[in-house]
Structure formats: C-alpha cells, structure tokens
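Notes follow the structure.
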Amino acid sequence: MTVDVFADIACPWCYIGEARLQAALAARPGLGVERRWRPFQLQPDLPRTGTPRDAFFERKFGGGESVSAAFAQVTEAGRADGLRFDFDRLAGAPNTTDAHRLVLLGATYDRAFETADALFEGYFADGRDLNDAGDLIAVAEHAGIPTADARALLLDDRFEVEVAQSQEVARRSGISGVPLYLFGDRFALSGAQPVAAFIQALDRASTDRPAEAP
2 MTVDVFADIA CPWCYIGEAR LQAALAARPG LGVERRWRPF QLQPDLPRTG
52 TPRDAFFERK FGGGESVSAA FAQVTEAGRA DGLRFDFDRL AGAPNTTDAH
102 RLVLLGATYD RAFETADALF EGYFADGRDL NDAGDLIAVA EHAGIPTADA
152 RALLLDDRFE VEVAQSQEVA RRSGISGVPL YLFGDRFALS GAQPVAAFIQ
202 ALDRASTDRP AEAP
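Mapped onto this note's numbering, the consecutive letters of the sequence shown carry residue numbers 2 to 215.
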C-alpha cells in the first residue's frame, strides 16, 4: 500500500500530522506501507531567501494576539504528540524549495521521512534557517545524508523540476492546503487527524485493495 504525503516543511500541522501518521503505522506494523513525500509549498512565491518572520505572520494572522493564539494552539497540540515548538526561535518565513529538494535527495538513500522529520524539528524547535546552506547541510547530516551530496545539491538544480511538478499535480487535483494524505490512490485524508483516524484509514485502504491474481 502506498501513502502519498502532500506536505510543506514550513507547516506546523504537517509536522504534527507526520508524527500521528508514524504512530498509526507503528500500530499496524504488518501492512507494508510505502510512504511517498509529495512536495507542496504553501507560499511558493516567497523569495528564495525567505522573508522576515514578523511581517509575514502579521500579514497571515493579523498580528498581535492572533499570532500568539495560533502559536499557542500549535504548541499545545504538538506537546501532546511529543513534539517541541519554539516559535520565538523561528529564523523567518522560508521558501521551502531547497528543503523539499533535500527530502527528495533523502529519498534516494531511503531516508525521505527521516530527512523531513529532521527539517521539521530543525525549523520549528531549533531555529534552523531553511534558506541557509549551512543549516540545511547540518540537518542533512543529522538525517544520515552524506555531507558532500547535500552540499552539492545546494549548488545545483537537482529535483527543482520534481518540486514544481508535485505542486502542479496538487493544483490540478484541487489540493489547496496541507497536510493531505492519499491512501493507495483510493481516498484522501486531510489535516493533522487524530492517530485513530489514521489507523482507520490504513485499515480501510488495506481491506479495499483488489485481490491479487492467482
């Protein structure tokens, strides 16, 4: 069974959803699920160097108490799933093209989701700048990607086309927000759902699979 994960590294609910999906997969170890990372950028038009955090969040949430309330909600939700958010340390609002490229590089080492998790943690908990080559290389090392390959990636355009194509596939499919999970090309689950909802989706997808030919 495949589970396509449309997500953005700069999306806190994608981080939470990833943790919950992992918990659901741990509860169903015999299903043989293949997760596939599908890049999606919530802010694809940001400069490649990103933009200052305060101005961005003021535009997005209205500033002041609205920003604080949004951050508090995410922090509390993450804490319940063992995730740490430290919004005071956010380096800025990043363009996540290079972060997605790094995940796709990680996939060539069968470490796509280890790379995604390291990027999520680096950005939301440790104040890593997703538009800084040094920070991205450090995250790659933590995820088990060879340093030389990560460094070379940031000097070329590998996976640029794949990131753009994934965004276009999402657009044509009517996907306008993430996280979104596509189970076996049969049905989708949207949002950082509770673990029980992910387990239910996995069970449904596994029983809906067509029988193998004799």
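A virtual CB, placed ideally from N, CA and C, is assigned to each residue, including glycine.
Taking Ile10 as reference, the option from Phe199, Leu43, Gln168 with the minimal CA-CA separation is Leu43.
Sixteen is the threshold: since fewer than 16 other Cβ atoms of the shown chains lie within 10 Å of the Cβ of Ala70, the residue is exposed. By the CB criterion at 8 Å, Val34 and Leu203 fall inside the cutoff.
By the neighbour-count criterion, in which 16 or more other beta carbons inside 10 Å mark a residue as buried, Glu19 falls on the buried side. Distances from the CA of Phe41 to each of Glu161, Ala119, Gln201, Val196 were compared; the closest alpha carbon is that of Glu161.
Here the alpha carbon of Leu181 sits roughly 23 Å from the alpha carbon of Thr109. The C-beta of Thr148 has fewer than 16 other C-beta atoms within 10 Å across all chains shown, which makes the residue exposed. Residue pairing for Tyr16: DSSP places it in no beta bridge. The continuous alpha helix (DSSP H) containing Leu105 extends over residues 98-109.
According to DSSP, residue pairing for Ser191 in a beta bridge involves Leu181. Listed in chain order, the alpha helix (DSSP H) runs fully inside the stretch 117-162 are 134-144, 148-154, counting runs of at least 4 residues.
Distance from the Cα of Ala24 is smallest, within the candidate group Gln201, Ala206, Ser207, for Gln201. About 6 Å separates the beta carbons of Ala144 and Arg112, which is inside the 8 Å limit, making them a contact pair. Excluding its 5 nearest sequence neighbours in each direction, Arg85 has C-beta neighbours in its own chain below 8 Å: Gly79, Glu122, Phe125, Ala126, listed in chain order. The C-alpha of Ala94 is placed about 5 Å away from the C-alpha of Thr52.
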